[in-house]
Every structure is written in C-alpha cells, then in structure tokens.
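Undergrad: The sequence shown begins at 31 in our numbering and counts up one residue at a time.
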Amino acid sequence: MSYAFAGAAQAALHAALTAHPEIAALATGGVHDEPPQGAAGRAATGPYVLIGDEAVSPWGAGDLAGAAHAVEIAVVGAALGFAALKRIAAAVSDAALGPLSIQGARVVSARFLGARTRRGREGMRRIDLRFRLIVEPA
C-alpha cells in the first residue's frame, strides 16, 4: 500500500467532475478542493462542488497490493431547498463512479458509501457524498 496515487486520484476525480456536462451546467460555482470565496471574503453561495477529506488505508487481494481511498465530495449552495443540489449530487455520483483515468494506476472498484444533507447558516445547504475507490498500480 502506498499513498503514492492520492494526488493522481484527486486529479482524476477533479477531471471527471469538471468534464461532466450536468455538473458544468448546474454547479455554476465550479469544482474546487478548497471552499471558494465570494465577495468581501464571505463564503461563496454556489452552487459548487467541493472535493473534501480523504482517508486512505491498505488494500490487497492475493498478490495485488493497493489502497482504499475513502473520499468525500460535497455539493454546496444557497438554495431554498435541496432539490437543485440533489440534481448536482446525482451527477457527482455518476462522475465519481464512472471510469477514472489515474496516471500509473487503475481503479479496481468504485462504490458509493452514502450521503448526508445539512442546513447551514444564511440559507446555505450542503450534501456530503462519500465514495470508496480501490486503486492499485497499473
């Protein structure tokens, strides 16, 4: 097991998310790995996609050695309800579970682990999605 492909896995997720036509159309605030700032240093109102925390652990099967990447991806926006953000979240799930091109590695398995919706201050809404990617050297 190695953390060697963590950066490449994040880059592959970012590429898949930004290339997805529905995400591009609906998440007008873009795809980020850090919350974007709005006017006067306030939090952006989105909607935007945020590649979040990751936990990596060893994974192996037989003589295969890789890593399990538990990745969080959030959909954030100031919305009156969750419906619009849920459409974006569904597209995020499609992109994260679709084929990912990771330089020097391959995705053995991609699974959706769950999601959670939350209401924040000033009308902000957030959907946190969790995925598990099993990555091994190519």
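For each residue, glycine too, the CB sits at the ideal point set by N, CA and C.
What is the DSSP secondary structure of P51, reduced to helix, strand or coil?
TA: helix
Undergrad: Name, in chain order, the residues that DSSP records as bridge partners for L127.
TA: For L127, which the question treats as bridged, DSSP gives no partner whatsoever.
Undergrad: Let me check one thing: in DSSP terms, what residues is Y78 bridge-paired to?
TA: Per DSSP, the beta-bridge partners of Y78 are V106.
Undergrad: For G37, which of helix, strand or coil comes out of DSSP?
TA: helix
Undergrad: Exposed or buried, which one is F142 when buried takes at least 16 other CB atoms within 10 Å?
TA: exposed
Undergrad: Give the C-beta separation of A119 and I164 to the nearest angstrom, bearing in mind that I take them to be a contact with Cβ-Cβ under 8 Å.
TA: About 22 Å; that fails the 8 Å criterion.
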